[in-house]
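Below: the structure, in structure tokens.
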């Protein structure tokens, strides 16, 4: 049976369709989850996609973090279910307290849409396990508020715990200031929860699933979930 | 007295008499205000409509020509492409962020009103000197507004054009184009019908913003343009996104008769036009309109241009299902009236009748405005004058640096990196090429999209300048491998009440029509923006052409950048600009950066040689012979070579033809002359013979210039610039201008 990805749609979400497309390319099934619902329809994995949930009024992700569906996502995450927040979804996860830190206005004070290089590192997660690319992943960003920030203790904890799972790097894999598109601390592009099953990232892997569109490097993140479940089934 | 009532305005003494005679009474103040906005140029095309009627609008692929919310062409297999371009010049000059943002919002609604899902946005923007702090601010804010709206609604901004020229110092141009896709059976129209059917206003609340916006967009600026700020609308892209999705969901609901954007002139225009198209009447009660402010009069409600609203006509049985869709997205859906057989627009506010007007008077009754037209007195002298006024041609290297440094040539990444150009997962080629390319799901073809403005010689050669824009757009499509399908256009200009302005308008429309007829491409939608004047000084007539092309197969396409070292570099089309009138320098960008002059023979527009060059390049791309292709336009060959080097990340070494000789004027023309029907292409050495054969068959000139590779752009005997330095000139101009104007570097 294919893995069922639940894709949460808030008013203002726009990468739900792109995520569903990527999930289909990865050979899995996409199920739409509506923001006002209180259950997850038995999905195997939850994606909080990009967009401007509720217009991102007040603060990016701040209103969405209190949507009815988030309570269900919280329970799902607590039970070890894999949750991926992409762009606005990462902002929602931080606002909901499912991930530490915050996403601030880009250092440039401008929106940025561009390709970035990403190094996969840290502990394995349901979305990055088995991804060991020889060269950095080529995945684009598209955001105005993507500068990852947290207090020094939190950053140190993330680094020591292997919870920084994606980092902006140059073509040679070095985390240089030039490779950092938004001013994130430590070039952080994506982090995982302490248990590793909740991952937030600013880049958009769903836009990098076909060579025709410039890169297929993101597809592995969607396939990893199916691979992990297969592995889990074997080990049981 | 309002602008509409001024002498020559739509409601001047003669206009008022006509209204009173037709009504058999004096109009009420509400009626007078409604007539004034609907008779404005923006809504009624009272000056331009007799010209626009002459434009070619027919073709085998045309499903919907001008007159609807947007034009529609058939892509085959029951898929339709729906598109339009529109200006938001006046609002953007007064309130740049909101003015530009609501321009994007408005053009999106025009497209999804047709039942289509918007899949791409493009923008053509023009400003004065970018190093002037006020211009820099206005420019940066317009870019911010375009980005803010497009990024929030999740429609990619895939292309555009950015031009800086002192001629736009007082009146900037902000033109936005939207492209949508719709299956044939979901296409909607904005034609009211069915007696007793319900009129719904959906989306945002109605407020006092944008009142009189259409009339404001049809008037020149005076000293205190800041006072016009209340005429500018305020956008909410979040609501627009919800409105797009709710309207998409309506596809599943039977019993929807009409869907119409509520844009310029608000409810007055959307209701009147919908009813007039259907030959019916409407009875509205504004008391049922959800409002964001208390105490609004019926006139204010009818004229409000509050954004993110749509008007629907639905059968009574469909009401519950329609409302459920809007409720789900948190949007209002107010029943504000019914369809009648009266042929009139009747507006009540509760018990009181506020307006009762015959639709043929309101929509089609505006007296035609036929101001006298006269070419400028210095026309012949200006065309005959030497482009460089006999001055010594500049040093090639510094001329190239100045051209690239002026911001209109070279890369506009500073602009488009602020736009989400990828959302939707269909962008195959985004900004930075000759045309954007988006794929069509489940098919092996794609769409190529471009916007192009007319040549700078437009004040004294408007016909040629307009035609040049059409052929440049067609070349941009050919350079990616696509064939044109149809055109949308925005006629930006100054006041037609000046005889020269009226002549420029007539000539511009003439050039647009000539070129489209020669190309065999229909014009399916468009917009007119006149009165781009400040204190009596107008902009040059500026035709902006939006062209949609089909790229088949999608797998065979080209980009502008050199692809690999050791490829041959070739020039398609006329190889010696010095043989052209004015050596291709009349009205050129080189002439502008050397001192701002604008005179000399305008470029020759020759449809035959354009066709030969285009067919060669398009055919060679489809045959898989070309590694890169790039249209030659602003700044000529030297700028095109720079684009190809910097985009491809490699240098090249090319040589002028020996026949050119040592003459500095001929060499300047060869480097920087702007002559149509030309492309810079590259190919593997082994493809040369086949390419030559195709060129001979097509009758298109083809000359070899040199070879790709190395770390510099070297033009033998003329200039050599290391790639890193060249890249700085090419990609850094806008950022440098912003820094010079005191805007902090990002």
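Protein chains in written order, with the working numbering: chain A, 1 to 236; chain B, 1001 to 1746. The beta-carbon is built from N, C-alpha and C at its ideal position, and this holds for glycine as well.
query, result
"Along the alpha helix (DSSP H) that carries residue 1247 of chain B, what are the first and last residues, could you check?", "1237-1249"
"Is it buried or exposed, residue 1716 of chain B, if we count other Cβ atoms within 10 angstroms and call 16 or more buried?", "exposed"
"Looking at the structure shown, is residue 1295 of chain B part of a helix, part of a strand, or coil, going by DSSP?", "coil"
"Would you list the residues sitting across from residue 1168 of chain B in a DSSP beta bridge?", "BP columns for residue 1168 of chain B are empty, so no partner."
"What do you get for residue 1565 of chain B, buried or exposed, if any count of 16 or more other CB atoms within 10 angstroms of its CB means buried?", "exposed"
"Check this for me: beta carbons of residue 1175 of chain B and residue 1539 of chain B, under 8 angstroms apart or not?", "no"
"So with CB distances below 7 angstroms, who are the chain B contacts of residue 113 of chain A?", "1417, 1419, 1420, 1421 and 1422"
"For residue 210 of chain A, which three-state DSSP category applies?", "strand"
"Assuming residue 1271 of chain B and residue 1259 of chain B are in contact, meaning their beta carbons sit under 8 angstroms apart, how far apart are those beta carbons, in whole angstroms?", "Not confirmed; about 13 angstroms, so no contact."
"Threshold first: 4 residues or longer. Then list the alpha helix (DSSP H) segments lying entirely within the region 1266-1327 of chain B, N to C.", "1266-1278 and 1298-1303"
"Would residue 1094 of chain B and residue 1232 of chain B be called neighbours here (beta carbons separated by less than 8 angstroms)?", "yes"
"Spell out whether any CB of chain B is found under 8 angstroms from the CB atom of residue 110 of chain A.", "yes"
"Exposed or buried, what is residue 1444 of chain B when buried is set at 16 or more other beta-carbons lying within 10 Å of its beta-carbon?", "exposed"
"From residue 1011 of chain B to residue 1023 of chain B, what distance separates their C-alpha atoms?", "14 angstroms"
"Using a C-beta to C-beta distance shorter than 8 angstroms, which residues of chain B count as neighbours of residue 207 of chain A?", "1422, 1423 and 1425"
"Residue 1057 of chain B and residue 1524 of chain B - do their beta-carbons sit closer together than 8 angstroms?", "yes"
"Could you name the residues of the region 134-154 of chain A whose beta carbon sits closer than 7 angstroms to any beta carbon of chain B, in the order they occur along the chain?", "140 and 142"
"With DSSP run on the structure shown, which of helix, strand or coil describes residue 236 of chain A?", "With a pLDDT of 48 at residue 236 of chain A, under the threshold of 50, the modelled position of this residue cannot be trusted, and the question is left open."
"Give a yes or no on whether the C-beta atoms belonging to residue 1376 of chain B and residue 1600 of chain B are separated by under 8 angstroms.", "no"
"Considering only C-alpha positions, which residue in the set B:1543, B:1063 and B:1407 is nearest to residue 1183 of chain B?", "B:1063"
"Grab me the residues of residue 1191 of chain B's own chain with a C-beta within less than 8 angstroms of its C-beta, minus the 5 sequence neighbours each way, in chain order.", "1257, 1258, 1274, 1277 and 1278"
"Using only the alpha-carbon positions, how far apart do residue 1691 of chain B and residue 1679 of chain B sit?", "14 angstroms"
"Look at residue 113 of chain A and residue 1425 of chain B and say whether their C-beta atoms are less than 8 angstroms apart.", "no"
"Mind checking if residue 14 of chain A is an interface residue toward chain B, Cβ cutoff 8 angstroms exclusive?", "yes"
"Excluding the 5 residues flanking residue 1020 of chain B on each side, which residues of the same chain have their C-beta closer than 6 angstroms to its C-beta?", "1026"
"Do the region 1633-1640 of chain B and the region 1542-1551 of chain B touch if we need at least three Cβ pairs shorter than 8 angstroms?", "no"
"Just confirm the distance between the C-beta atoms of residue 1682 of chain B and residue 1569 of chain B, as a whole number of angstroms; I'd bet it's less than 8 angstroms.", "5 angstroms"
"Kindly say whether residue 1024 of chain B, judged by its beta-carbon, lies nearer than 8 angstroms to any beta-carbon of chain A.", "no"
"Could you tell me whether any Cβ in chain B is nearer than 8 angstroms to the Cβ of residue 66 of chain A?", "no"
"When the Cβ atoms of the region 11-20 of chain A are set against those of the region 46-64 of chain A, are three or more pairs found closer than 8 angstroms?", "yes"
"Quick check: the region 122-137 of chain A against the region 191-205 of chain A, are at least 3 beta-carbon pairs closer than 8 angstroms?", "yes"
"Give me the Cβ distance between residue 1478 of chain B and residue 1604 of chain B, rounded to the nearest whole Å; I'm assuming they're in contact under 8 angstroms.", "Wrong, their Cβ atoms sit about 19 angstroms apart, outside the cutoff."
"Once you ignore the five residues that flank residue 1431 of chain B on each side, which residues in its own chain have a CB closer than 6 angstroms to its CB?", "1159, 1416 and 1421"
"Should residue 57 of chain A go down as buried or exposed, given a rule of 16 or more other Cβ atoms within 10 Å for buried?", "exposed"
"Taking Cβ to Cβ, would you say residue 169 of chain A is nearer than 8 angstroms to residue 45 of chain A?", "no"
"Rounded to the nearest angstrom, what separates residue 1098 of chain B and residue 1222 of chain B at their Cα positions?", "21 angstroms"
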